[in-house]
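One structure is given here, and the rest of the page talks about it.
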Amino acid sequence: MINISKPFGESATALLKDRFFRATIKLTAFYVLGTAVILFISSATVLLIFAPPKTESPFLDIDTSVEAEHDDSSPYEIREHLTTVVALVDTTALLIVSIFSYYFARRTLLPIKNMHETQTQFMGDVAHELRTPLSVLQAGADALLKKPRTILEYEEFITDVQEETRRLTRLSNQLLQLLKTENVLGGEIKSVDVSGVCEIELKRFRPYAQERGVTIVVNILPDITLCIEPDCFIQIIQNLIKNAIDYNKQGGVVTVALTEKDTDVILDIADTGIGIPSEKQAKIFERFVKGDTARTQTTSSGAGLGLSIVKALLIKFGGEVILNSTPNVGTNITIRFPKYYS
Numbered sequence: 010m011i012n013i014s015k016p017f018g019e020s021a022t023a024l025l026k027d028r029f030f031r032a033t034i035k036l037t038a039f040y041v042l043g044t045a046v047i048l049f050i051s052s053a054t055v056l057l058i059f060a061p062p063k064t065e066s067p068f069l070d071i072d073t074s075v076e077a078e079h080d081d082s083s084p085y086e087i088r089e090h091l092t093t094v095v096a097l098v099d100t101t102a103l104l105i106v107s108i109f110s111y112y113f114a115r116r117t118l119l120p121i122k123n124m125h126e127t128q129t130q131f132m133g134d135v136a137h138e139l140r141t142p143l144s145v146l147q148a149g150a151d152a153l154l155k156k157p158r159t160i161l162e163y164e165e166f167i168t169d170v171q172e173e174t175r176r177l178t179r180l181s182n183q184l185l186q187l188l189k190t191e192n193v194l195g196g197e198i199k200s201v202d203v204s205g206v207c208e209i210e211l212k213r214f215r216p217y218a219q220e221r222g223v224t225i226v227v228n229i230l231p232d233i234t235l236c237i238e239p240d241c242f243i244q245i246i247q248n249l250i251k252n253a254i255d256y257n258k259q260g261g262v263v264t265v266a267l268t269e270k271d272t273d274v275i276l277d278i279a280d281t282g283i284g285i286p287s288e289k290q291a292k293i294f295e296r297f298v299k300g301d302t303a304r305t306q307t308t309s310s311g312a313g314l315g316l317s318i319v320k321a322l323l324i325k326f327g328g329e330v331i332l333n334s335t336p337n338v339g340t341n342i343t344i345r346f347p348k349y350y351s
């Protein structure tokens, strides 16, 4: 015999285990309880003021027989009718308040829920990124301890340790950068000659690009200024240029253009690299999302945090990013900064 109530029971159990749902119910209960107390006090006041007393005062000489001729309802019927009306109004009000309270409780707690889910996902991603190099180190150490090894094997293991240590260092530095971008801005916002900053950074990246057979083409207008934290702008351009080089092809080209239009400063970085698959483009600016690391110009894969740092910094300064990418053709990233940050 099929138990049709089982799915409903499982759904109810899942809801009860959901901390967000339980918190919503508790907050709704507080709202309704507060409203119920207010309604009780107001209803009692109405009944005391407007309802006739149950017993007549011995000090009042009233001819009830005369009143009965002019009034079809006795004082007791009036009181009972008023009590019924007040109870009906209170019940309806509590029902309406319960519905609206649940709605507003959900809306109140939704940002907290989203933040909790984001933090949980972030911690899981960090744990995954840390586990990989640590597993490599542990496996290598275990293999060395099983039997005597040659000097060459020890040297290879030490080289692996160095590489994985560098990777962990890069990951920790990027995590610190990401956390800094999500905190309140602590640096000084001032007018920066971004044309000069771009020229300096591109000069520093030329040897890195030459080692990988990539040519950098520059089209930067002079004397363009922008209100921004200098270090933040440097982080943005460094991450974008490094990605354009790393995910390029041998003999490829990276074109960097800096222009201004109306009240915006436009930074455009295009490469002739491997491109980004269409299914990854929507999430490429999220944390720990990587390109095709098997086809990069570097042997060490990043943690997938560079573009998420760029996005976080752009949000801080009111900028926007436009991505156009075609697999095996190249990627173009256009960033617009408002010249005057407020």
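One rule links them: number in our numbering = place in the sequence shown (from 1) + 9. For every residue, glycine included, the Cβ atom is placed at its ideal position computed from N, Cα and C. In this text, all values refer to a predicted model and were calculated from it rather than measured experimentally.
Contact defined as beta carbons within less than 8 Å: I believe residue 166 pairs with residue 201. What is the distance between those atoms, to the nearest angstrom? Between residue 201 and residue 166 the Cβ distance is about 46 Å, and since that is not below 8 Å, they are no contact.
DSSP three-state assignment for residue 72, whether helix, strand or coil: Only weak support exists for where residue 72 lies, its pLDDT of 48 falling under 50; the value from the coordinates is given anyway. Taken through DSSP and simplified to helix, strand or coil, residue 72 comes out as coil.
Contact belief for residue 254 with residue 263 at Cβ below 8 Å, rounded distance in angstroms: At roughly 6 Å, the Cβ-Cβ gap stays under 8 Å, so residue 254 and residue 263 are in contact.
Could you check the C-alpha separation between residue 318 and residue 341 for me, to the nearest Å? 18 Å
In its own chain, which residues sit with a C-beta less than 7 Å from the C-beta of residue 345, not counting the 5 before and 5 after it? 273, 275, 328 and 329
Using the C-alpha atoms, what's the distance from residue 320 back to residue 343? The straight-line gap from Cα to Cα measures roughly 12 Å.
Helix, strand or coil for residue 27, going by three-state DSSP, please let me know. coil
Taking just the CA atoms, how far does residue 238 sit from residue 163? 46 Å
DSSP state of residue 54, grouped into three classes? Residue 54 falls in the helix class under three-state DSSP.
Confirm, please, whether the CB-CB distance from residue 142 to residue 168 is below 9 Å. no
For residue 292, the first and last residue of its enclosing beta strand (DSSP E): Segment: none, residue 292 is in no beta strand (DSSP E) and carries neither H nor E.
Does the region 151-159 come within contact of the region 98-114, defined as at least 3 CB pairs closer than 8 Å? Segments in contact, no.
Is the shortest distance between the beta-carbon of residue 208 and the beta-carbons of chain C less than 9 Å? Within the model displayed, chain C is absent; a lone protein chain is all it includes.
Along the chain, where does the alpha helix (DSSP H) that runs through residue 246 open and close? 239-255
Could you tell me the distance, in whole angstroms, from the CA atom of residue 96 to the CA atom of residue 48? Rounded to the nearest angstrom, the two C-alpha atoms are 10 Å apart.
Quick check: what's the CA-CA separation for residue 128 versus residue 136? 12 Å
When you compare each of 197, 271 and 279 to residue 265 by their alpha carbons, which one comes out closest? Measuring from the Cα of residue 265, the nearest candidate turns out to be 279.
From the DSSP output, which residues share a beta bridge with residue 226? DSSP output for residue 226 lists 264 as bridge partner(s).
Collapsed DSSP secondary structure at residue 337 in the structure displayed: Coil, per DSSP.
Any idea what DSSP makes of residue 270, helix, strand or coil? strand
Closest by C-alpha distance to residue 257, when choosing among 283, 247, 248 and 234: 283
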